[in-house]
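In our numbering, the protein residues as written are 52 to 475.
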């Protein structure tokens, strides 16, 4: 594991993309932490915060179906660099609005538009810059980057607010981080990130959209991506499962306070007693997947992860009924849930990368990003209401049972989809 980690880090193209991603994600979550706090402090309204999140997700709804075509037609190195550069300028505009709230919604909208191109481009680039056998480790590192950035961004945001106070200084710091991300991206070579398509753009008459932008070619590429996904279950099924995983993560974040109460622990202790065991399980899962990836087929990992997560989620509320201190008996289950997540995420992401042709990869990962982002928004809209009506215990029972049912269906009907050859 150590040698594999050092080997992939010695790949300068991977290291630069990874570091650029770290700076981008930490910047985004630091900003979100600060802005959500600013909006709530000024309005004392959760609706105002919900509006902020709505505008953050809105670009996915607008650009979602088309972003993959753009990624396939533009050099991904340029997407990394110019997205970060634009965001570094957009962040500075936060300082201009002072205590006003409504301008923040427009600014976060433009900021999020840049993210719509950046993150799918990263996933689409991985198979071009790392070897096939390194994809599981690369995906594990990127997954940990995404999850850790949430914690690190919130932590940094809190520290900056505590010691700097004035958020305008913070916006300047975040802008510098994004500028550094852009400079790292500009240092990447062009060849591994080149576009596979080229839609012609004619600027002689910019008001004539059909002449300026080759709409027939754009439409053809859009249909090409749709037809590939529709006829390629080896790619579509993993994408749908990843969307399901994102729904689980979103629900976990929403029910976190209720889960702490169900396990009879103080919310202030929940980060250590709930999150830490899950992270420990994820670390163990990463080591297992990396060491056994060549010996155990991917569908075995995926189905094992489904069964583990279904059983674990189903048992958690039972423990709250049986024991006065259910957290003691829940710790192994929380470790198992973290392990199960890695067992599913890494092989699914690797399957998508291995079975997507180079010339269509941007459209596939654009679709993946859209589905996953929309899946993140679903829990925000429905979970709180369901918990208020039915209680967290019943929701966990239904959720665990549903995952077990999905595991049985996947085992019986989709085993052939997930196992393409002896290595999968």
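By construction, the Cβ of each residue, glycine as well, lies at the ideal position given by its N, Cα and C atoms.
Exposure of residue 92, with buried meaning 16 or more beta-carbon neighbours within 10 Å: For the purposes of this step, residue 92 is identified with residue 41 of the chain shown, where counting begins at 1. So residue 92 ends up on the exposed side.
Spatial distance of residue 359 from residue 204 (CA atoms): The residue labelled residue 359 in the question sits at position 308 within the chain shown. The residue labelled residue 204 in the question sits at position 153 within the chain shown. C-alpha separation (whole angstroms): 30 angstroms.
Start-end ranges of the alpha helix (DSSP H) lying completely within the stretch 292-343, minimum 4 residues: 307-313, 327-343
Segments assigned beta strand (DSSP E), at least 3 residues, entirely inside the stretch 355-384: none
Three-pair Cβ contact test at 8 angstroms for the stretch 360-368 versus the stretch 452-461: yes
Buried/exposed call for residue 94, threshold 16 Cβ in 10 Å: Residue mapping note: residue 94 aligns to position 43 of the chain shown, counting from 1. Residue 94 is exposed by the Cβ-count criterion.
Selected residue, minimal CA-CA separation from residue 186, among 349, 441, 375: Counting from one through the chain shown, the residue named residue 186 turns up at place 135. Ranking the options by Cα distance to residue 186, first place goes to 349.
Other residues of its chain near residue 230: CB distance less than 8 angstroms, five sequence neighbours each side excluded: By one-based count along the chain shown, residue 230 stands at place 179. Hits under 8 angstroms: 135, 136, 139.
The alpha helix (DSSP H) enclosing residue 69, as first and last residue numbers: As a first step, residue 69 is located in the chain shown; it is residue number 18 there, counting from the start. Counting along the chain, the alpha helix (DSSP H) containing residue 69 begins and ends at 63-94.
Contacting residues, own chain, Cβ-Cβ under 8 angstroms from residue 196 (five flanking each side not counted): Counted from its first residue, the chain shown places residue 196 at position 145. These residues qualify, in order along the chain: 69, 72, 73, 76.
Exposed unless 16 or more other CB atoms sit within 10 angstroms - verdict on residue 83: Position 32 of the chain shown, counted from the start, is the residue given in the question as residue 83. Residue 83 should be labelled buried.
Secondary structure of residue 417, DSSP reduced to three states: What you label residue 417 is simply residue 366 of the chain shown in a count that begins at 1. Helix at residue 417.
Under 8 angstroms between C-beta atoms of residue 423 and residue 297: Counted from its first residue, the chain shown places residue 423 at position 372. Counted from its first residue, the chain shown places residue 297 at position 246. Yes, Cβ-Cβ distance for residue 423 and residue 297 is below 8 angstroms.
Residue closest to residue 270, alpha-carbon to alpha-carbon, out of 108, 121, 55, 344: Residue mapping note: residue 270 aligns to position 219 of the chain shown, counting from 1. Here the closest residue by C-alpha is 121.
Same chain, Cβ closer than 7 angstroms to residue 316, neighbours up to 5 away in sequence not counted: Taking the chain shown and counting its residues from 1, the one referred to as residue 316 is at position 265. Once the five neighbours on either side are set aside, the close Cβ partners of residue 316 are 324, 378.
DSSP three-state assignment for residue 181, whether helix, strand or coil: In the chain shown, the residue the question calls residue 181 occupies position 130. DSSP places residue 181 in coil when its eight states are reduced to three.
Three-state secondary structure assigned by DSSP to residue 442: For the purposes of this step, residue 442 is identified with residue 391 of the chain shown, where counting begins at 1. Three-state result, residue 442: coil.
Residue range of the alpha helix (DSSP H) that includes residue 142: Taking the first residue of the chain shown as 1, we reach residue 142 at position 91. 127-145 is the span of the alpha helix (DSSP H), which, as asked, contains residue 142.
Between the CA atoms of residue 99 and residue 144 - distance to the nearest angstrom: In the chain shown, residue 144 corresponds to position 93, counting from 1. In the chain shown, residue 99 corresponds to position 48, counting from 1. Spanning the two alpha carbons is a distance of roughly 20 angstroms.
Option in 398, 81, 235 with minimal Cα separation from residue 194: By 1-based counting over the chain shown, the position of residue 194 is 143. The residue with the shortest Cα to Cα distance from residue 194 is 398.
Buried/exposed call for residue 473, threshold 16 Cβ in 10 Å: Start at 1 with the first residue of the chain shown, and residue 473 comes out as number 422. Confidence at residue 473 is low in this model, with a pLDDT of 43, below 50, so its placement is unreliable and the value that follows should be read with caution. Answer is exposed; the Cβ neighbour count stays below 16.
Of the listed residues 182, 103, 289, nearest to residue 61 (C-alpha basis): Position 10 of the chain shown holds residue 61. Residue 182 is the option with its Cα nearest to residue 61.
CA nearest to the CA of residue 382, picked from 331, 342, 357, 403: On the chain shown, position 331 is the one that residue 382 refers to. Here the closest residue by C-alpha is 331.
Nearest-angstrom beta carbon gap, residue 333 and residue 426 [assumed within contact, 8 angstroms]: For the purposes of this step, residue 426 is identified with residue 375 of the chain shown, where counting begins at 1. For the purposes of this step, residue 333 is identified with residue 282 of the chain shown, where counting begins at 1. Actually they do not touch by this definition, with Cβ atoms about 19 angstroms apart.
Exposure of residue 343, with buried meaning 16 or more beta-carbon neighbours within 10 Å: As a first step, residue 343 is located in the chain shown; it is residue number 292 there, counting from the start. Per the 10 Å Cβ criterion, exposed.
Alpha carbon of residue 179 to alpha carbon of residue 153, nearest angstrom: On the chain shown, position 128 is the one that residue 179 refers to. On the chain shown, position 102 is the one that residue 153 refers to. Approximately 42 angstroms between the Cα atoms of the pair.
Integer Cβ distance of residue 64 from residue 188, believed to fall under 8 angstroms: Numbered from its first residue, the chain shown carries residue 64 at position 13. Numbered from its first residue, the chain shown carries residue 188 at position 137. The Cβ separation is near 15 angstroms, so there is no contact.
Cβ neighbour criterion (16 or more within 10 Å) applied to residue 372: For this step, residue 372 is matched to residue 321 along the chain shown. That one is exposed.
Nearest-angstrom Cβ-Cβ length linking residue 413 and residue 166, presumed shorter than 8 angstroms: Here residue 413 is taken as the residue at index 362 of the chain shown, counted from 1. Here residue 166 is taken as the residue at index 115 of the chain shown, counted from 1. About 15 angstroms; that fails the 8 angstroms criterion.
Candidates 89, 299, 419: closest to residue 151 by CA position: Here residue 151 corresponds to residue number 100 of the chain shown, with the count starting at 1. Ranking 89, 299, 419 by Cα distance to residue 151 puts 89 first.
Sub-8 angstroms separation of residue 395 and residue 447 beta-carbons: For the purposes of this step, residue 395 is taken as residue 344 along the chain shown, with counting starting at 1. For the purposes of this step, residue 447 is taken as residue 396 along the chain shown, with counting starting at 1. Not in contact: residue 395 and residue 447 (Cβ atoms no closer than 8 angstroms).
CA-to-CA distance, residue 225 to residue 67, given in whole angstroms: Translated into positions along the chain shown, residue 67 becomes position 16. Translated into positions along the chain shown, residue 225 becomes position 174. Taking the straight line joining both Cα atoms gives about 19 angstroms.
Spatially closest choice to residue 112 from 442, 450, 346, 419, by CA coordinates: Start at 1 with the first residue of the chain shown, and residue 112 comes out as number 61. Per the Cα distances, 419.
Three-state secondary structure (DSSP) of residue 151: The residue you call residue 151 lines up with position 100 of the chain shown. Coil.
Nearest neighbour of residue 147, chosen from 156, 175, 219, 190 [CA to CA]: Locating residue 147 in the chain shown gives position 96, where the first residue counts as 1. For residue 147, the nearest C-alpha among the options comes from 219.
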